[in-house]
Amino acid sequence: MNATAPSTAEQAQQEIVDEFAFFSDWTERYQYLIDLGKQLPAFPEELKIEEYRVHGCQSMVWLVPSGNADNLHFQATSDSAIVSGLIALVLRVYSDRSARDIVATEPRYIEAIGLAKHLSPTRSNGLAAMLAKIKAYAAAALKP
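Under full-length UniProt numbering, the first residue of the sequence shown carries the number 1, and numbering increases by one thereafter.
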């Protein structure tokens, strides 16, 4: 993972695609996802409240927005190692972007790295729920 955030969501997605291309099989890719999840910043226990919980995930997931339409930041965590890795990817693409960019950015990396085919239905639903919540926060930030 790069120390500096890519300047656009599209660049972040391309970096994810390039990173996953290094791995020859899904065992290695899952391990990489788990490793990415372990690098998430510490998540404050006091933010693990119902208001921030993402429903639709089999695992417990909390997603906290901050900022405004010009720059939305997200903190997130999960009780699942693989889901934490999915969170790390989502945050790379969507956190610290404008609300307009977030709403406009489709998560093409999911299909490009083969995640869509290799996630269980419950994890796929959870990932979709996380993305929907991020886009809903961004859409709300755009409203006057």
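For glycine and all other residues, C-beta sits at the position ideal for the given N, C-alpha and C.
Assigned secondary structure, residue i (DSSP; H/G/I helix, E/B strand, else coil)
i	result
residue 11	helix
residue 2	A caution first: residue 2 carries a pLDDT of 40, below 50, which makes its placement in the model too unreliable to give a value.
Cβ distance (whole Å) where residue i is taken to contact residue j below 8 Å
i	j	result
residue 44	residue 137	So it is not a contact: roughly 18 Å between Cβ atoms.
residue 116	residue 40	The Cβ separation is near 22 Å, so there is no contact.
residue 47	residue 86	Not really, about 19 Å apart at Cβ, beyond 8 Å.
residue 16	residue 92	7 Å
residue 145	residue 142	The chain is shown from 1 up to 144; residue 145 falls before or after that span and cannot be answered.
Short Cβ contact (8 Å threshold) for residue i with residue j
i	j	result
residue 78	residue 95	no
residue 113	residue 30	no
Length at least 3, wholly inside the UniProt domain "Fe-S metabolism associated" (17 to 136): the beta strand (DSSP E) runs in chain order: 61 to 68 and 71 to 78
Given 8 Å, three or more beta-carbon pairs between the stretch 89 to 107 and the stretch 7 to 19: yes
Stretch-stretch touch, CB-based, cutoff 8 Å, three pairs: the stretch 54 to 62 with the stretch 124 to 133: yes
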